[in-house]
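Written below as structure tokens is the structure these notes are about.
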Amino acid sequence: MMSKVFNEKFDSLQSLFKAYRASERCLAAFNVNDNYDLRAVINAANVVDTNVMVMTYPPVIEAVTAEVFRGMVDGLKKYAKNSLYLHLDHSTSVDQCKWAIDAGYDSVMIDGSQHPIDKNIAMTKEIVDYAASANVLVEAEIGKIMGRDVVVKSADDFLASVADVKRLYEATGADIIAVGIGTAHGFTPEKPKIYFDRLKEISQAITAPLVLHGGTGIPDEDIQKSITMGISKINIGTIVHTTYMRYTKLGIDAAGDGAYPPYIMKDVLPEIERVVIDRLRAVNI
Ligand code: 13P
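So for the sequence shown, numbering that gives the first Met the number 0 puts the first residue at 0; every next one is plus one.
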């Protein structure tokens, strides 16, 4: 088998994802919170020599602002060997997506998955239209990613319907689509049951690159299998912030009143890098 290239340069994220889906490659996307874990992801991507995406959850841009996060990523770009993209993850707000687009984000996710399909389509279309002139990529979602505060009652409740995915894609022209196929956000006490048959049906129904959420708890072999079935972006978050918090606490506890952030973080960064490298290697196959 020919080995795949993960540091190829593209004119746009749209062309990256089209090429990745066609060649069964996947872009790893990591949720980050500040300059420290952002820097750790860049260092890890340099070690693996790969393109990478960083993502901010809504509370992060509310706290830090979209403009400052854009500025931090721009400032650190010269330390990245390969392409580095910035994405707004899981925004349920049309206004917030517009804010990130105006601030120069490369990509936004408008998550209307908690709403009936017609409302999801309307929200997604509004963002696709708004993003078009700025050439910003748009991710939409059908079905639900379990865990956290998402309430699911049955498989019918979270599993993406093929008809809905097709309808949303055709009505909105969203660039990439996250699909609920059984994965959950965070550490999962049991191996998640991934509905690969549904993923296959969806990938046969539409050509859009598909997105897998809940990357922390998905076994490597399931990540790899999903990539052969149209998954072109995988989101990984919990393993990053739990590693960040655990090692920061250890450092603070050891230093006591003398705890000084840059010194603590000097020892935390390699720990975050280690888990990010591990996940990058599971995705870049
Ligand atoms: P994890 O927190 O399970 O890695 O999932 C992250 C995610 O899917 C963000 O959208």
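Backbone N, C-alpha and C fix where the C-beta goes; we use that ideal spot for every residue, glycine too.
As DSSP reads the structure, S90 sits in a beta bridge with I109.
In the DSSP assignment, M54 is bridged to N30 and H86. Using a C-beta cut-off of 8 Å, the stretch 240 to 250 makes no contact with the stretch 205 to 214, since fewer than three inter-stretch Cβ pairs fall below that distance. L279 is the residue among L279, E140, A258 and I60 whose C-alpha sits nearest the C-alpha of I238. Pairing E272 with N42 gives a Cβ-Cβ distance under 7 Å. Comparing alpha-carbon positions, the option among A102, M122 and R38 lying closest to A79 turns out to be R38. The beta carbon of N32 sits closer than 7 Å to the beta carbons of V59 and H240 from its chain, once the five residues preceding and following it are set aside; these are given in chain order. Taking S90 as the centre and dropping the five residues before and after it, the same chain places the C-beta of P57, C96, V107, M108, I109 and D110 closer than 7 Å to its C-beta, in chain order. In this structure, R20 and G229 form a Cβ contact; the two beta carbons are roughly 6 Å apart against a cut-off of 8 Å.
I226: member of the alpha helix (DSSP H) spanning D219 to I226, first to last residue. At a Cβ-Cβ threshold of 7 Å, D163 and I141 count as neighbours. A heavy atom of the ligand 13P is found nearer than 6 Å to the CB of D88. The C-alpha of G179 is placed about 6 Å away from the C-alpha of F157.
G146 and A183 do touch by the CB rule: their CB atoms are close to 4 Å apart, below 8 Å.
About 15 Å separates the Cβ atoms of M54 and N34, ruling out a contact at the 8 Å cut-off. In the assembly as shown, G257 is an exposed residue. Its beta-carbon has fewer than 16 other beta-carbons within 10 Å. For I284, DSSP assigns no beta-bridge partner whatsoever.
Of the residues A28, S11, E7 and F68, the one whose Cα lies closest to the Cα of S22 is E7.
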